[in-house]
Amino acid sequence: MNELISKSENFKQEYCCTIVRIGEVQPIEGSDFLGQVMIEGRTIVVRKDQVMEGNVMFYVSNECQINGDFLSINSFYEDKTMNADPEQKGYINKYGRIRMVKLRGVLSMGILFSEENFVKWCPKMSELNVEEHVGEDFDTIAGELFVKAYVPMRKENTHHTGTGKHKIEPRFDRLIPGEFLFHYETQQLNREIGRLRPTDVVSISCKMHGTSFVIGNVRTLQPRWGGLYARCFTHLPKLLQFTKTAYDVVYSSRTVVKNKYYNDKVRPGYYETDVWGEYYALLAKYIPKGYTLYGEIVGYVGGLSQMIQKGYDYGCQPGENRLMIYRVSIDEGGRKRELNISEVQDFSDGLVTRMKADGNEGATRIIPLPILYHGTLPELYPSLDTTDHWHENLLEVMKNDIMHFGMEQNEPLCHNKVPREGICLRIDNDPINECFKLKTLRFLGKEAELMDKGEADMEMQDGYGE
Numbered sequence: 000m001n002e003l004i005s006k007s008e009n010f011k012q013e014y015c016c017t018i019v020r021i022g023e024v025q026p027i028e029g030s031d032f033l034g035q036v037m038i039e040g041r042t043i044v045v046r047k048d049q050v051m052e053g054n055v056m057f058y059v060s061n062e063c064q065i066n067g068d069f070l071s072i073n074s075f076y077e078d079k080t081m082n083a084d085p086e087q088k089g090y091i092n093k094y095g096r097i098r099m100v101k102l103r104g105v106l107s108m109g110i111l112f113s114e115e116n117f118v119k120w121c122p123k124m125s126e127l128n129v130e131e132h133v134g135e136d137f138d139t140i141a142g143e144l145f146v147k148a149y150v151p152m153r154k155e156n157t158h159h160t161g162t163g164k165h166k167i168e169p170r171f172d173r174l175i176p177g178e179f180l181f182h183y184e185t186q187q188l189n190r191e192i193g194r195l196r197p198t199d200v201v202s203i204s205c206k207m208h209g210t211s212f213v214i215g216n217v218r219t220l221q222p223r224w225g226g227l228y229a230r231c232f233t234h235l236p237k238l239l240q241f242t243k244t245a246y247d248v249v250y251s252s253r254t255v256v257k258n259k260y261y262n263d264k265v266r267p268g269y270y271e272t273d274v275w276g277e278y279y280a281l282l283a284k285y286i287p288k289g290y291t292l293y294g295e296i297v298g299y300v301g302g303l304s305q306m307i308q309k310g311y312d313y314g315c316q317p318g319e320n321r322l323m324i325y326r327v328s329i330d331e332g333g334r335k336r337e338l339n340i341s342e343v344q345d346f347s348d349g350l351v352t353r354m355k356a357d358g359n360e361g362a363t364r365i366i367p368l369p370i371l372y373h374g375t376l377p378e379l380y381p382s383l384d385t386t387d388h389w390h391e392n393l394l395e396v397m398k399n400d401i402m403h404f405g406m407e408q409n410e411p412l413c414h415n416k417v418p419r420e421g422i423c424l425r426i427d428n429d430p431i432n433e434c435f436k437l438k439t440l441r442f443l444g445k446e447a448e449l450m451d452k453g454e455a456d457m458e459m460q461d462g463y464g465e
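Each step along the sequence shown adds one to the number in numbering that gives the first Met the number 0, with nothing skipped, and position 113 is 112.
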């Protein structure tokens with residue numbers, strides 16, 4: 000990666016900038032000056048006099064937030080008073096958000112900038128040979144953050160419990176680096192479609208819209224002795240805090256470990272109740288040593304009428320929620336191994352069986368992973384020629400596959416009429432821990448509408464909010 004363009008510590012591929020080469024500019028019916036190009040499997044509406052085939056440009060996808068100085072210097076703001084040239088009116092709102100829009104009946108899912116736009120903001124960018132960096136992702140330019148995920152400002156809840164200041168107790172971080180791992184970032188299938196091979200055996204499942212949950216029985220640091228020493232441990236000077244290594248169950252939301260500290264009270268989080276802690280209490284005794292489970296909690300926050308994700312009930316009644324386990328990782332002598340989808344299903348079935356045998360009523364709250372297909376993609380789509388633009392054609396078919404995946408349809412698992420979020424694809428026996436997602440356009444549109452109203456997805460707030 001060139002020193003001018005780089006990835007920040009919190010880089011997210013889904014919300015970044017990519018240097019791309021423009022392919023064929025297709026016409027748009029009813030317009031003489033607008034055309035459309037395909038970037039990473041998504042359509043972008045462009046001016047034909049400004050974007051031409053073969054151009055190297057900078058692509059930013061929808062629901063990204065652009066650096067304000069960059070927008071101002073280039074006079075891209077729709078509010079002219081925010082532009083360096085107050086006589087010019089742009090098309091980007093005051094938040095710098097790139098929004099999915101429809102122009103002449105064609106969805107435009109992102110924006111393209113020219114090299115000149117960047118040089119105007121950062122003159123050093125003239126030193127970058129863009130031809131050598133086609134296909135590279137970045138979010139930082141010359142040390143300054145250029146793009147990040149757009150997250151509406153979270154509305155503060157005015158409800159408080161209790162009064163006065165709370166005493167902050169001493170805390171001891173009991174986590175050992177590399178033992179408890181958050182879920183990896185799911186890659187976008189439209190960007191990575193070229194990595195699939197006709198011979199790959201894949202598992203395709205329904206992508207469910209809830210909140211992430213991780214629970215693992217991992218090695219942690221604990222007081223070397225019990226009794227009074229353990230009770231006083233966090234109050235002791237560091238030089239007297241002697242530890243040992245022992246297995247214990249740790250749990251988290253998407254990015255926050257809830258019981259990270261020894262002898263510390265867990266904070267509730269965004270839902271004002273520790274919904275993740277509910278499943279910790281149900282599952283802790285059933286997690287074998289070295290196992291980490293990854294899942295999605297869907298429905299309602301327990302005991303409340305608040306939905307985890309607006310409209311997405313997944314068959315739950317108000318106050319109910321369920322957990323779908325979609326990934327299991329095992330530590331085998333210090334090496335992490337991922338279970339294949341069929342093994343994940345077997346593990347989940349065994350987990351439910353053990354819970355039922357104990358009379359654990361939580362067994363009914365564990366739902367199976369909705370597998371929609373398992374096999375090779377040529378077996379699924381035999382009419383596609385694997386030697387003639389197979390990847391491009393495959394992506395188009397999958398994006399609109401109603402029969403197998405219910406794409407662009409309502410979610411049949413929900414009582415409410417809401418669009419299916421999409422699908423997830425994993426390659427069997429993949430040497431890399433990875434998963435690919437493909438979201439429906441209807442879901443992206445609904446997501447954009449909620450953001451227009453300032454209603455932030457709680458997963459976004461947890462993962463990307465400041």
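Just so you know, even glycine gets a beta-carbon here, dropped at the ideal spot from N, CA and C.
Ignoring anything shorter than 4 residues or poking outside the stretch 250-316, list the alpha helix (DSSP H) runs there in chain order. Whole alpha helix (DSSP H) segments, 4+ residues: 274-282.
To the nearest angstrom, how far is the alpha carbon of Leu111 from that of Leu33? In a straight line, the C-alpha of Leu111 is about 14 Å away from that of Leu33.
How far does the alpha helix (DSSP H) with Ala362 in it extend, from its first residue to its last? Careful: Ala362 lies outside any alpha helix (DSSP H) and carries neither H nor E.
DSSP beta-bridge partners of Ile431: Looking at the DSSP assignment, Ile431 forms no beta bridge with any residue, so it has no partner.
Determine, using beta carbons only, whether Tyr467 and Gln316 come nearer to each other than 9 Å. Nothing about residue 467 can be reported from this structure: the residues present for the chain run from 0 to 465 only.
As assigned by DSSP and simplified to three states, the class of Asn399: Reduced to three states, the DSSP call for Asn399 is coil.
Figure out for me which residue from Thr139, Thr375, Arg173, Val19 has the closest Cα to the Cα of Val133. Closest in C-alpha terms to Val133, from the list Thr139, Thr375, Arg173, Val19, comes Val19.
Which runs of the alpha helix (DSSP H) spanning at least 4 residues fall entirely within the stretch 95-160, listed in chain order? Here the runs fully enclosed are 114-120.
Supposed close pair Gly15, Tyr149 - CB separation, criterion 8 Å: Reading off the sequence shown, one finds Cys at residue 15, where the question assumed Gly. No, Cys15 and Tyr149 are not in contact; Cβ-Cβ is about 13 Å, not under 8 Å.
How many Å lie between Glu115 and Lys123 at the Cα? C-alpha separation (whole angstroms): 11 Å.
State the DSSP-derived secondary structure class of Arg20, mapped to helix, strand or coil. DSSP places Arg20 in strand when its eight states are reduced to three.
Under 9 Å, do His182 and Tyr293 count as touching if we go by C-beta distance? With contacts defined as CB atoms closer than 9 Å, His182 and Tyr293 qualify as a contacting pair.
Per-residue DSSP class, three states only, for Val36: The answer is strand: DSSP assigns Val36 an E or B state.
Out of curiosity, what's the CA-to-CA distance linking Leu449 and Lys206? In a straight line, the C-alpha of Leu449 is about 19 Å away from that of Lys206.
Leaving out five residues before and five after Cys423 in sequence, what residues of the same chain have Cβ atoms less than 6 Å from its Cβ? Take Cys423, set aside five residues on each side of it, and the residues of its chain with a beta-carbon closer than 6 Å to its own are Ser204, Lys206, Cys434, Lys436, in chain order.
Short of 8 Å in beta carbon distance, which residues of its chain neighbour Asn409, apart from the five on each side in sequence? Order them along the chain. For Asn409, same chain residues with a beta-carbon under 8 Å away, outside a window of 5 residues either side, are Lys416, Val417, Pro418, Arg419 in chain order.
Short check: CB of Ile324 to CB of Ile365, under 9 Å? By the CB criterion at 9 Å, Ile324 and Ile365 fall inside the cutoff.
Taking the alpha carbon of Gln308 as the point to measure from, which residue in Cys413, Thr80, Asp348 has its own alpha carbon closest? When only C-alpha atoms are compared, the closest one is Cys413.
Phe179 - containing beta strand (DSSP E), residue span: Premise fails: Phe179 is in no beta strand (DSSP E) and is neither H nor E.
For Ser382, which option in Leu393, Pro169, Gly453, Tyr372 has the closest C-alpha, if you only look at C-alpha atoms? The option with the nearest alpha carbon to Ser382 is Leu393.
Quick check: the stretch 337-353 against the stretch 225-245, are there 3 or more CB pairs under 8 Å? Between the stretch 337-353 and the stretch 225-245 there are fewer than three C-beta pairs closer than 8 Å, too few to call the two in contact.
Taking the straight line between their C-alpha atoms, what separation do you get for Thr233 and Pro169? If you draw a straight line from the Cα of Thr233 to the Cα of Pro169, it is about 6 Å long.
Thinking Ser328 and Thr139 are a contact (beta carbons under 8 Å), I'd like their distance in whole angstroms, please. About 30 Å separates the two Cβ atoms, so there is no contact after all.
Considering just the uninterrupted stretch of the alpha helix (DSSP H) at Arg230, what are its terminal residues? It spans 226-231 - the alpha helix (DSSP H) in which Arg230 sits, taken as one unbroken run.
Identify, in the order they occur along the chain, each residue of the same chain with its Cβ nearer than 7 Å to the Cβ of Tyr290, setting aside the five sequence neighbours on each side. Setting aside the 5 residues that flank it on each side, Tyr290 is surrounded in the same chain by Gly215, Asn216, Val327, Ile329, each with a C-beta closer than 7 Å to its C-beta; the list follows chain order.
To the nearest whole angstrom, what separates the beta carbons of Gly40 and Asn258, a pair I think is in contact under 8 Å? Taking C-beta atoms under 8 Å as the contact rule, Gly40 and Asn258 fail to qualify, at a distance of about 40 Å.
Length of the line joining the Cα atoms of Asp247 and Thr219: Spanning the two alpha carbons is a distance of roughly 6 Å.
Would you mind stating whether Pro43 and Ser113 have Cβ atoms separated by less than 9 Å? The question names Pro, but residue 43 is Ile in the sequence shown. If you check the CB distance, Ile43 and Ser113 do not come in under 9 Å.
Rounded to whole angstroms, what's the CA-CA distance from Glu319 to Arg46? Just pull it up for me. Rounded to whole angstroms, Glu319 to Arg46 spans 50 Å at the Cα level.
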